[in-house]
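Anchor point for the sequence shown: position 144 equals 144 in the working numbering, and the numbering is continuous, going up by one each time.
Cβ atoms here follow ideal geometry from the backbone N, Cα and C, with glycine treated the same way.
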Amino acid sequence: VYRTDNPAFRDTMSDLWKHAVAAAHSAEVIASIAGPGKYPAAFVGGLVHDIGKLLLLDILSRRYKGRLGRLQESQDLLHKVLHHFHTYVGVHVVQYWRLPPEFGFSSFYCDRPDRVVVDQWRGLAHVVALGSAVADSLGFGLSGTQAIPLEDHPSVSAIGLDVAAFKAREEELAGELEDTLEAFSAL
């Protein structure tokens, strides 16, 4: 799924894949600390939270020339377009694939989980947002992504994450991510 024939977008596609896997694994670890058994969809939620970026990148790399084609020339502009529109596209992908509704919420609200209007899915959206932030802080984000220190992330208090318990796992998590990415890359 995370492949492109367009050489201008290969690095971005690769970064999106690494971020998705790292966010998924990080979200799963966060969920296990924040509430074992409380967020069983954390891994898949992390995996699909940025799926809209993938589809946008695919559309832009295959179909558009002219003004939109210029996105190939500017990684900064491309990343801004992906960031601003991916949630809208992502929720449609989740619906099209007929995934459970929690993945639509974690995809659409991945950058603003506090706005989830359904209490049932707000916690998962926070776990996924934290997983994404951790992936960014460990170097698995798109280039230019600003990592937020975990202690300062608003989702920490929203789910009651024990930051000290997470920090104790962080080094181990980084090694696990390398192994996970290697295993997924072999697929």
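How many angstroms separate the CA atom of Leu56 from the CA atom of Cys110? On the sequence shown, position 56 is the one that residue 56 refers to. On the sequence shown, position 110 is the one that residue 110 refers to. Each residue's alpha carbon lies about 16 Å from the other.
Following the continuous alpha helix (DSSP H) through Ala27, name the residue where it begins and the one where it ends. On the sequence shown, residue 27 is found 27 positions in, with the first residue counted as 1. Note, Ala27: alpha helix (DSSP H), Arg10 to Ala34.
Are the stretch 118 to 137 and the stretch 37 to 46 in contact at 8 Å, needing three or more beta carbon pairs? A contact between stretches requires three or more CB pairs, one per stretch, nearer than 8 Å, and the stretch 118 to 137 meets this requirement with the stretch 37 to 46.
Can you tell me which of His84, Glu178 and Ala164 puts its alpha carbon nearest to the alpha carbon of Phe140? Here residue 140 refers to the residue found at position 140 when the sequence shown is read from its first residue. It is Glu178.
Assign Tyr109 to one of three DSSP states: helix, strand, or coil. Residue mapping note: residue 109 aligns to position 109 of the sequence shown, counting from 1. For Tyr109, the secondary structure class from DSSP, reduced to helix, strand or coil, is coil.
Should Leu181 and Lys53 be called a contact, given that it needs their Cβ atoms to be closer than 8 Å? On the sequence shown, residue 181 is found 181 positions in, with the first residue counted as 1. On the sequence shown, residue 53 is found 53 positions in, with the first residue counted as 1. In this structure, Leu181 keeps its C-beta atom at 8 Å or more from the C-beta atom of Lys53.
Tell me whether Gly160 is buried or exposed, calling it buried when 16 or more other Cβ atoms sit within 10 Å of its Cβ. Start at 1 with the first residue of the sequence shown, and residue 160 comes out as number 160. That one is exposed.
What runs of the alpha helix (DSSP H), each 4 residues or longer, lie entirely inside the stretch 86 to 133? 101 to 108, all fully within the stretch 86 to 133.
Taking the beta carbon of Ala23 as the centre, do at least 16 other beta carbons fall within 10 Å, making it buried, or is it exposed? Position 23 of the sequence shown, counted from the first residue, corresponds to residue 23. Flag for Ala23 reads buried.
Report the rounded CA-to-CA distance for Ala165 versus Asn6, giving the unit in angstroms. Residue mapping note: residue 165 aligns to position 165 of the sequence shown, counting from 1. Residue mapping note: residue 6 aligns to position 6 of the sequence shown, counting from 1. Within the model, the alpha-carbon separation for Ala165 versus Asn6 is close to 42 Å.
First through last residue of the alpha helix (DSSP H) which encompasses Leu181: The sequence position of residue 181 within the sequence shown is 181, counting from 1. Counting along the chain, the alpha helix (DSSP H) containing Leu181 begins and ends at Val163 to Ser185.
Thinking C-beta only, is Ser137 closer than 8 Å to Ile51? Reading the sequence shown from its first residue, position 51 is the one you call residue 51. Reading the sequence shown from its first residue, position 137 is the one you call residue 137. No Cβ-Cβ contact shorter than 8 Å links Ile51 with Ser137.
Can you grab the Cα-Cα spacing for the pair Ile223 / Glu172, in whole Å? Residue 223 is absent from the model: the chain starts at 1 and stops at 187.
CB contact flag (Glu151, Val163, <8 Å): Along the sequence shown, one-based indexing puts residue 151 at 151. Along the sequence shown, one-based indexing puts residue 163 at 163. If you check the CB distance, Glu151 and Val163 come in under 8 Å.
When burial is assigned at 16 or more other CB atoms within 10 Å of the CB, is Ala135 buried or exposed? Along the sequence shown, read from residue 1 onward, the residue named residue 135 stands at position 135. Burial call: buried.
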